[in-house]
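Only one structure is covered here, and it is reproduced in the block below.
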Amino acid sequence: MKRLPIFLSLILLSVLFTNCSEDDGNTVSGEGFLRCKLNGELREFNYLVNANDPPREETVHFVVVGGFEEKNINKSPSFEIMLVSEENIGKGTYSVAGESFPELDGQYCMQIYDGETHTGTECFIGGRSNGTYFTLNITSMDDWGVKGIFSGLLRDVDHNLLEITEGEFAAPYN
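Residue numbers (the numbering used here): 82 to 255.
Set out below in C-alpha cells:
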C-alpha cells in the first residue's frame, strides 16, 4: 500500500511535467484551476494544472486531473484525481466508498523535508480505501479539457482523515 501513493504521484508528475496547454478558444477558456477545502480550509493547486492527454479513441477509459499548490513542485503539496473505467467515461457523477469499483481515487500529498533534504512523502488517499469515499462530477469534457466538481474523505497510512469539500477544477488536456 505504501508504494501506491508513490506510483500515483509519479503518474501525476509525468502528466504535469509534459504540460503544454494553451487556451485555444474552446468551451472552457482561460487558465486551468483546481481548488477545494481540506478540513474546511480553502487550498488552491493552480500550478501546472492539467488533465491527461486528449482521448485518442471515441471511448474514454481514464481521466486524470492534478495540480500543485506552489511553483516549486519538488516541495509543493499536490492534489490529484484519477478515474479509470472499462466503460466510456463522460459527463456525469462517479462515486465510490471503500469499494473497488469504480476505480476512482482522490489524493493529497505533501513533501516532507528536513532542511533541504527530502525525507519522504505523506499522502491522503480516498475512494477505494476502506473507510473513505470520493465523488467526482464531470460537468464538461471537450477539446480543451475536463471540468468538474468533487468531494470526499481521504485517509493516510496512520488512519488520519482529511475531508474534501467544495472541490472544483477546470483542467486543460496535456
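Virtual Cβ for every residue (Gly too), placed ideally from N, Cα, C.
The model shown is predicted, which means the values in this text are computed figures rather than measured ones.
With 16 other Cβ atoms within 10 Å as the buried cut-off, status of residue i
{"i": "Gly147", "result": "buried"}
{"i": "Glu150", "result": "buried"}
{"i": "Thr108", "result": "Low confidence applies here, because Thr108 scores a pLDDT of 36, under 50, leaving its location unreliable; read the following figure in that light. That one is exposed."}
{"i": "Gly121", "result": "exposed"}
{"i": "Asn211", "result": "exposed"}
{"i": "Ile206", "result": "buried"}
{"i": "Glu248", "result": "Residue identity differs from the one stated: residue 248 is Gly in this sequence, not Glu. It counts as buried."}
{"i": "Phe182", "result": "exposed"}
{"i": "Leu217", "result": "buried"}
{"i": "Thr213", "result": "buried"}
Span separating the alpha-carbon of residue i from that of residue j
{"i": "Trp225", "j": "Pro253", "result": "5 Å"}
{"i": "Val238", "j": "Glu138", "result": "37 Å"}
{"i": "Thr174", "j": "Glu125", "result": "22 Å"}
{"i": "Val130", "j": "Lys228", "result": "12 Å"}
{"i": "Met222", "j": "Gly171", "result": "7 Å"}
{"i": "Tyr189", "j": "Cys204", "result": "6 Å"}
{"i": "Leu234", "j": "Leu242", "result": "7 Å"}
{"i": "Gly179", "j": "Arg236", "result": "11 Å"}
{"i": "Tyr194", "j": "Ser232", "result": "28 Å"}
{"i": "Glu197", "j": "Arg116", "result": "28 Å"}
{"i": "Asn155", "j": "Glu161", "result": "15 Å"}
{"i": "His240", "j": "Val145", "result": "25 Å"}
Residue i - partner residues in DSSP beta bridges
{"i": "Leu242", "result": "Arg236"}
{"i": "Pro253", "result": "Gly226"}
{"i": "Gly248", "result": "Phe231"}
{"i": "Phe114", "result": "Ala251"}
{"i": "Leu119", "result": "Glu122, Ile245"}
{"i": "Glu203", "result": "Met191"}
{"i": "Thr198", "result": "Asp195"}
{"i": "Asn133", "result": "In the DSSP output, where bridge partners are listed per residue, Asn133 has none listed."}
Other residues of its chain near residue i: CB distance less than 6 Å, five sequence neighbours each side excluded
{"i": "Val165", "result": "Phe143, Glu184"}
{"i": "Pro135", "result": "Tyr254"}
{"i": "Ala251", "result": "Val109, Gly113, Phe114, Lys228"}
{"i": "Gly201", "result": "Ile193"}
Neighbourhood of residue i by C-beta, 7 Å cutoff - its chain only, sequence neighbours within 5 removed
{"i": "Asp186", "result": "Met163, Ile206, Gly207, Gly208, Arg209, Phe215"}
Nonlocal neighbours in the same chain, by C-beta distance under 8 Å from residue i, ignoring five residues either side
{"i": "Ser157", "result": "Tyr128, Phe149, Glu150, Glu151, Gln192"}
Going residue by residue through the segment 142-196, where are the continuous beta strand (DSSP E) segments of at least 3 residues, counting only ones entirely within it? 143-149, 159-165, 173-177, 184-195, all fully within the segment 142-196.
Any beta strand (DSSP E) of 3 or more consecutive residues that is wholly inside the segment 210-234
Entirely contained in the segment 210-234, the beta strand (DSSP E) runs reaching 3 residues are, in chain order, 214-222.
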